[in-house]
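Let me begin by presenting the structure, written as structure tokens, before commenting on it.
Numbering (the working numbering), first residue to last: 1006 to 1647.
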């Protein structure tokens, strides 16, 4: 079913078109990504589709009953309510239905209704219809849905009564997304939904969106996220849209193949044009060949000239070089403890970094990843332990906040003041390779976008020629094309890398080791991000098995200092199978009870029952009992599953 169509849409800012003749279609269960450079108009298109801003020409059509949920970039939830009360507001219609149901139940129990068969039938019928709608719209599970989504965004029960306006900006952004997901709109429009999410939460969100019953329209610079979630891509470039089927990686392959074909056709036509023009120029003035030259000129006039392919758009191009290599042991930390004002975030860090290692630091938000980097560059003191860099180590540091720049300086002054001995021509050439050309170099730093500041910070880093780069979220603010240029530069880098990033695609391309930070220490994994995830899954599975075995050992009072006998091991396996059978039995009972409720509702609607007060009361009582049983079964199933 088509949920929304965009046809020939054009948007102007002043007299300048931002989007031209945009075509886009959203069908049920579509997962669509909008991709393109920063400034291509992706967020503008989302706002237009969501009804936030107007458009100039074209048409957007959708059925009246199709609902749209929209989350703008970095939009936080502002509310004086508690977290739980704010989430409940999504279900106000269900709560009103529930209140009405309780009222009808009270009416059915009063003598005035009970003794009036016609009135009883009317109230009973109204109650049954309302109860059916309540069930169909998720009335018996909305509180469970709230808990599930809040848990996914790392808001646990002890925080449910916290007032939203007391939270940080990142927490408010996560809650805005949580509230939107609970609304279960037909079309979900998300502009950079992965901002402020750690990797664990990102993974949860990917799983949730993959199973979302509505359609998705997403703008994101997180390529790993797009690969896992979307099945279509619309590329916005040069104000136009192009449609591709498949996830982000498949789009890249299709785009590259299409671009190659376009260039071949363009080059072939250019050769033809050049030959025709040359023939005309050489022969137009000669009487013997002028007619043939005029014929060729007509061919040129009628020729449908192809536009130059879009792959020639400007892109940054740079690299990192080193003056000399460091020692073999680039960095060693010994029982290092990091944190602020005596409060440790992570302790007992024993990390061994070798020359040319490319190491990604991962872990939940707040565990101290950025704090570790700031400790290593001596921006903040270590709480305990020690760290030592190898011989000849020269450190280059990239700050995710990009806070070290002088906001009053121009782009040119910012780079030149850092390297005053360089000639202005060289400085301008470096800035040009980071897309600062012409009057761009005269822009004040405080007027730059996040992406422009990031490129300027990277330009300073390339001139340092450091052999040990410490990077804190280097891909923040960069569009996908700039990320790929940075990745290629770091892949070719001959020095050592230690970086923090939530960009799993970036980690996969760059890292040869992953170090997971926790409050208790650090664990090193010898591989990229996918390898790390695979090892984590194995460890989690082993931990679950061990926990189950420990629980069963305690239940059968097995001493800890001896091996389990064959009989006891058999008992463990039997206990595990028993739990699984209990879950399956509950699921069967739930299905049977739901079937019973459905039959009772059908029976109550039959004329021969409907006209008999005694039968109606009997069946209605059975229905209430069955519904109570169903609610208890769901509670038991949820507890056993957890």
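All C-beta atoms, glycine included, are put in the ideal place defined by N, C-alpha and C. All figures in this text were calculated on a predicted structure; none of them were measured in a lab.
Using a Cβ-Cβ cutoff of less than 8 angstroms, which residues in the same chain neighbour residue i once the five nearest sequence positions on both sides are dropped?
{"i": "residue 1624", "result": "1605, 1608, 1609 and 1614"}
{"i": "residue 1391", "result": "1338, 1339, 1340 and 1341"}
{"i": "residue 1415", "result": "1446, 1447, 1448, 1449 and 1450"}
{"i": "residue 1432", "result": "1417, 1420, 1421 and 1424"}
{"i": "residue 1278", "result": "1305, 1308 and 1310"}
So which of the options has the shortest CA-CA distance to residue i?
{"i": "residue 1220", "options": "1201, 1380 and 1195", "result": "1195"}
{"i": "residue 1493", "options": "1514, 1150 and 1500", "result": "1514"}
{"i": "residue 1135", "options": "1107, 1225, 1344 and 1154", "result": "1107"}
{"i": "residue 1508", "options": "1278, 1138, 1031 and 1226", "result": "1226"}
{"i": "residue 1016", "options": "1059, 1006 and 1159", "result": "1059"}
{"i": "residue 1602", "options": "1325, 1133 and 1430", "result": "1133"}
{"i": "residue 1137", "options": "1421, 1599, 1306 and 1464", "result": "1599"}
{"i": "residue 1306", "options": "1313, 1293 and 1285", "result": "1285"}
{"i": "residue 1512", "options": "1444, 1180 and 1531", "result": "1531"}
{"i": "residue 1242", "options": "1045, 1298 and 1172", "result": "1045"}
{"i": "residue 1231", "options": "1528, 1074 and 1485", "result": "1485"}
{"i": "residue 1521", "options": "1142, 1100, 1377 and 1023", "result": "1377"}
{"i": "residue 1466", "options": "1404, 1443, 1453 and 1425", "result": "1404"}
{"i": "residue 1228", "options": "1256, 1444 and 1218", "result": "1256"}
{"i": "residue 1250", "options": "1374, 1031 and 1413", "result": "1031"}
{"i": "residue 1085", "options": "1077, 1079, 1094 and 1078", "result": "1094"}
{"i": "residue 1304", "options": "1324, 1294 and 1281", "result": "1281"}
{"i": "residue 1628", "options": "1294, 1264 and 1110", "result": "1110"}
Given this structure, state the Cα-to-Cα distance separating residue i from residue j, to the nearest angstrom.
{"i": "residue 1005", "j": "residue 1321", "result": "Residue 1005 is absent from the model: the chain starts at 1006 and stops at 1647."}
{"i": "residue 1510", "j": "residue 1254", "result": "11 angstroms"}
{"i": "residue 1302", "j": "residue 1063", "result": "37 angstroms"}
{"i": "residue 1369", "j": "residue 1103", "result": "39 angstroms"}
{"i": "residue 1090", "j": "residue 1153", "result": "15 angstroms"}
{"i": "residue 1291", "j": "residue 1275", "result": "25 angstroms"}
{"i": "residue 1158", "j": "residue 1087", "result": "16 angstroms"}
{"i": "residue 1456", "j": "residue 1439", "result": "11 angstroms"}
{"i": "residue 1418", "j": "residue 1483", "result": "22 angstroms"}
{"i": "residue 1411", "j": "residue 1476", "result": "20 angstroms"}
{"i": "residue 1010", "j": "residue 1621", "result": "49 angstroms"}
{"i": "residue 1006", "j": "residue 1188", "result": "21 angstroms"}
{"i": "residue 1127", "j": "residue 1121", "result": "10 angstroms"}
{"i": "residue 1633", "j": "residue 1165", "result": "27 angstroms"}
{"i": "residue 1167", "j": "residue 1347", "result": "27 angstroms"}
{"i": "residue 1193", "j": "residue 1034", "result": "11 angstroms"}
{"i": "residue 1214", "j": "residue 1234", "result": "7 angstroms"}
{"i": "residue 1026", "j": "residue 1222", "result": "19 angstroms"}
{"i": "residue 1218", "j": "residue 1468", "result": "50 angstroms"}
Starting from the C-beta of residue i, find all residues in its chain whose C-beta is less than 6 angstroms away, skip the five residues before and the five after it, and write them out in chain order.
{"i": "residue 1177", "result": "1081 and 1082"}
{"i": "residue 1488", "result": "1480"}
{"i": "residue 1248", "result": "1239"}
{"i": "residue 1357", "result": "1337"}
{"i": "residue 1353", "result": "1340 and 1526"}
{"i": "residue 1180", "result": "1082"}
{"i": "residue 1360", "result": "1331, 1333, 1335 and 1501"}
Tell me residue i's beta-bridge partners as DSSP assigns them.
{"i": "residue 1248", "result": "1239"}
{"i": "residue 1639", "result": "According to DSSP, residue 1639 bridges with nothing at all."}
{"i": "residue 1036", "result": "1221"}
{"i": "residue 1116", "result": "Note: residue 1116 sits in no beta bridge, so no partner."}
{"i": "residue 1027", "result": "1014"}
{"i": "residue 1437", "result": "The partner list for residue 1437 (beta bridge, DSSP) is empty, contrary to what the question assumes."}
{"i": "residue 1359", "result": "1334"}
{"i": "residue 1064", "result": "1012"}
{"i": "residue 1196", "result": "1224"}
{"i": "residue 1596", "result": "According to DSSP, which records beta bridges pairwise, residue 1596 is partnered with nothing at all."}
{"i": "residue 1085", "result": "Looking at the DSSP assignment, residue 1085 forms no beta bridge with any residue, so it has no partner."}
{"i": "residue 1412", "result": "DSSP, once it has assigned bridges, lists no residue as partnering residue 1412."}
Check whether chain B comes within 8 angstroms of residue i, counting only Cβ atoms and requiring the distance to be less than that.
{"i": "residue 1411", "result": "Although the question refers to chain B, the structure presented lacks it and comprises just one protein chain."}
Give every residue of the same chain whose Cβ lies closer than 7 angstroms to the Cβ of residue i, excluding the five residues on either side of it in the sequence, and list them in chain order.
{"i": "residue 1061", "result": "1015, 1016 and 1017"}
{"i": "residue 1313", "result": "1271"}
{"i": "residue 1387", "result": "1341, 1342, 1343 and 1380"}
{"i": "residue 1199", "result": "1207, 1225, 1227 and 1230"}
{"i": "residue 1426", "result": "none"}
Quick one: does the C-beta of residue i sit closer than 7 angstroms to a heavy atom of the ligand ZN?
{"i": "residue 1214", "result": "Inclusion of the ligand ZN in the displayed structure is not the case, the ligand content being empty and no account of it being possible."}
Given 8 angstroms as the limit, is there contact between the stretch 1061 to 1076 and the stretch 1139 to 1159, that is, 3 or more CB pairs closer than that?
-> no
Determine contact between the stretch 1327 to 1345 and the stretch 1472 to 1492, defined as no fewer than three beta-carbon pairs at a distance below 8 angstroms.
-> yes
Counting pairs of beta carbons, one from the stretch 1232 to 1247 and one from the stretch 1034 to 1044, are three or more of them closer than 8 angstroms?
-> Contact between the stretch 1232 to 1247 and the stretch 1034 to 1044 is present, because at least three Cβ pairs lie under 8 angstroms.
May I ask you to verify whether the stretch 1350 to 1369 touches the stretch 1496 to 1504, counting CB pairs closer than 8 angstroms and requiring at least 3?
-> Inter-segment contact for the stretch 1350 to 1369 and the stretch 1496 to 1504 is present: three or more beta-carbon pairs are separated by less than 8 angstroms.
Would you say the stretch 1637 to 1646 touches the stretch 1585 to 1595, given that touching needs at least three Cβ pairs under 8 angstroms?
-> By the criterion of at least three beta-carbon pairs nearer than 8 angstroms, the stretch 1637 to 1646 is in contact with the stretch 1585 to 1595.
Decide yes or no for the touch test of the stretch 1258 to 1266 against the stretch 1538 to 1546: beta carbon pairs closer than 8 angstroms, at least 3 of them.
-> no
Is the stretch 1046 to 1053 touching the stretch 1162 to 1180 in the sense that three or more CB pairs, one from each, lie closer than 8 angstroms?
-> no
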